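Novice: Dumping the structure here so I can ask a few things about it.
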Amino acid sequence: IERLAGARAAADELESIEQVVDHLSGAVTMAQAEGRQREVAAGERVREYATLLAEASAAMSRQLDEVRLPLHILLENHFGALNENQEEMLAAARGAADAADVELGRLREIADLDRGALGMRRDRIRLEDLLRALRPQLEAEGARAGVRIALEIGPALPPLLGDRVRLQEALELLLRHLIRRTLPGATVTISAARRDRDLAVTVLNAPAPTLDANVAVARRVLVAHGARLTREGEATLILLPAVTDVADGARR
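To convert, note that position 181 of the sequence shown is 222 in my numbering; the numbers rise steadily by one, no gaps.
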């Protein structure tokens, strides 16, 4: 009787454990389903926000065009005598409208990237070509900021796959942002070298990037190319995946 009673108690205990496990499994399944639903809803909201932002930016750009056109006409074709102050005010207004249009364009580009409305080419390009092409713009930005630019490119860098125009623009936006925020008198060193299977662009002596429209666009374009943007000590690091073909693998 004692053995039978003990066996029954063990069975009851096992049944109780089984019920708890079933309950926990059900709870996990429900939590996973709810998590997937939240992810889907969040993705839909992001696409909705991106669409609204793109439409609003386009509408505001059209309105700015209506402002810039009469300003341009007034400045280029005088219909009456304008004194120096009036000309300066009109020129400042046109400059502000142009700057606002650029900012709206950046926001529209962010929205288009987030909703997948911009395609990326997959051409075989060389990082050193992109950086050398950017050198004049970077040095000009450095001159305005009172900063010296040093460009160091490692030998025999492998190519990468990407959209040449968009990737060059992203690098320009990010690098000029870093240079602009550097204290006058410093030397910003921009180097390109191979690091394992990546191409590493390292920026030394510049502060960490902050968030603005230019940086947001640059980040999205870089991520679309499989890149990673990190801080390593006092350096900003951009890691871009390199093309490793059969011949390259044999050499390694």
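Cβ atoms here follow ideal geometry from the backbone N, Cα and C, with glycine treated the same way.
In this text, all values refer to a predicted model and were calculated from it rather than measured experimentally.
1. What is the rounded straight-line gap between the Cα of A68 and the Cα of R86?
2. With distances taken between CB atoms, is the gap from A33 to L215 smaller than 8 Å?
3. Between the Cα of R165 and those of G203, A158, A174, spot the shortest distance and give me the residue it belongs to.
4. Going residue by residue through the segment 181 to 262, where are the continuous alpha helix (DSSP H) segments of at least 4 residues, counting only ones entirely within it?
5. Return the CA-CA distance between L65 and A82, expressed in angstroms with no decimal places.
6. Using the C-alpha atoms, what's the distance from L281 back to G267?
7. Would you check if the distance between the CB atom of L198 and the CB atom of R235 is smaller than 8 Å?
8. For the alpha helix (DSSP H) containing L131, name the first residue and the last one.
9. Count the CB pairs spanning the segment 147 to 155 and the segment 122 to 138 that are closer than 8 Å, and state whether there are at least three.
10. When burial is assigned at 16 or more other CB atoms within 10 Å of the CB, is N255 buried or exposed?
11. Exposed or buried, which one is P250 when buried takes at least 16 other CB atoms within 10 Å?
12. Quick one, are the C-beta atoms of R221 and A276 less than 8 Å apart?
Specialist: Let me spell this out:
1. Indexing the sequence shown from 1 puts residue 68 at position 27. Indexing the sequence shown from 1 puts residue 86 at position 45. In a straight line, the C-alpha of A68 is about 27 Å away from that of R86.
2. Residue 33 falls outside the range modelled here, since the chain spans only 42 to 293, and no answer is possible.
3. To locate residue 165, count along the sequence shown from 1; it is residue 124. Closest option to R165, Cα to Cα, is G203.
4. 205 to 221
5. The count along the sequence shown starts at 1 and reaches residue 65 at position 24. The count along the sequence shown starts at 1 and reaches residue 82 at position 41. Answer to the nearest angstrom: the Cα atoms are 25 Å apart.
6. Looking up residue 267 in the sequence shown gives position 226. Looking up residue 281 in the sequence shown gives position 240. Cα-Cα distance, rounded: 6 Å.
7. Looking up residue 198 in the sequence shown gives position 157. Looking up residue 235 in the sequence shown gives position 194. Cβ distance < 8 Å, so L198 and R235 count as in contact.
8. To locate residue 131, count along the sequence shown from 1; it is residue 90. Residues 125 to 155.
9. no
10. Translated into positions along the sequence shown, residue 255 becomes position 214. By the 10 Å Cβ count, N255 comes out buried.
11. Within the sequence shown, numbered from 1, the residue matching residue 250 stands at position 209. P250 is buried by the Cβ-count criterion.
12. Here the question's residue 221 lines up with position 180 in the sequence shown. Here the question's residue 276 lines up with position 235 in the sequence shown. Cβ atoms of R221 and A276: not closer than 8 Å.
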